[in-house]
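Contents: one structure, followed by commentary.
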Amino acid sequence: MSARSTLPRPSVARFAGALFAVTLLAAGCGESSPGPEQPSASSSDTSASSDGGGAEAGGSDAGGASDGGGQTAAGVPQDPYPVTPAPEGFAPPEACSGEGAYFGKVGSTATPELPERAGETLTIDVVGIEGEDAQLTATLGDGSAREVEAVTLGETVTIDLWTISVTSVCGDTQQVEFDLIN
């Protein structure tokens, strides 16, 4: 006497359907859609396109700047750090009063150095002054520099772990002063 299972056996069609679904899922997990740094196969790539037989293999590629690793370097534009306007009813201090804890002149880095936070550093460079607005650049410890929106007296800017408040934009001395809020 043979021992048979009393459980019903799935049909061959259901088994084949499940196997097909698993195969499709597995195939979809390994692929990703191209992001902004990954051109799709249909986009034009001057380094991979034919030179019409004019250059030998291994020759120079006049299609773009190379980083030496076989890929063309492309900069990614970044939006400036946004500025938070002064609250309603804010009475700004007198400009050019020297009350800010940090200051910088146009073309230089603000001093004293901002405190390190979570192992990171931040430097603020004063790029220019236009009327009552200061143009600043913020550079994090990893070297990534980014513009700050035009900022004026009483406005704040949050840059990673730091929030600064502008206490003075002085066009006469080409100096910007600010305090560290947090």
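Note that the sequence shown covers residues 137 to 318 in our numbering.
Every residue, glycine too, gets a C-beta built ideally from N, C-alpha and C.
Residue environment, residue i, which counts as buried when at least 16 other CB atoms sit within 10 Å
| i | result |
| --- | --- |
| Phe239 | buried |
| Ser185 | Bear in mind that the predicted position of Ser185 carries a pLDDT of just 41, short of 50, making it unreliable; the figure below should be weighed with that in mind. Classification for Ser185: exposed. |
| Ser301 | buried |
| Gln214 | exposed |
| Glu313 | buried |
| Ala274 | buried |
| Ile260 | buried |
Simplified DSSP assignment, three categories, for residue i
| i | result |
| --- | --- |
| Ser304 | strand |
| Leu297 | coil |
| Gln214 | coil |
| Ala246 | coil |
| Gly267 | coil |
| Phe226 | coil |
Within 8 Å, strictly: CB atoms of residue i and residue j
| i | j | result |
| --- | --- | --- |
| Trp298 | Leu258 | yes |
| Thr303 | Glu256 | no |
| Pro134 | Gly290 | Residue coverage of the chain in this structure runs from 137 to 318, which leaves residue 134 outside it and unanswerable. |
| Tyr217 | Val284 | yes |
| Thr292 | Ile317 | yes |
Anticipated Cβ contact below 8 Å, residue i with residue j, distance rounded
| i | j | result |
| --- | --- | --- |
| Val242 | Gly264 | 6 Å |
| Asp315 | Ala237 | 5 Å |
| Ala231 | Cys306 | 6 Å |
Same chain only: Cβ atoms within 8 Å of residue i, ignoring 5 sequence neighbours per side
| i | result |
| --- | --- |
| Ala286 | Val219, Glu266, Asp269, Ala270, Gln271 |
Residues near residue i by beta carbon distance below 7 Å, same chain, minus five either side
| i | result |
| --- | --- |
| Asp308 | Cys232 |
Contacting residues, own chain, Cβ-Cβ under 6 Å from residue i (five flanking each side not counted)
| i | result |
| --- | --- |
| Arg253 | Leu297 |
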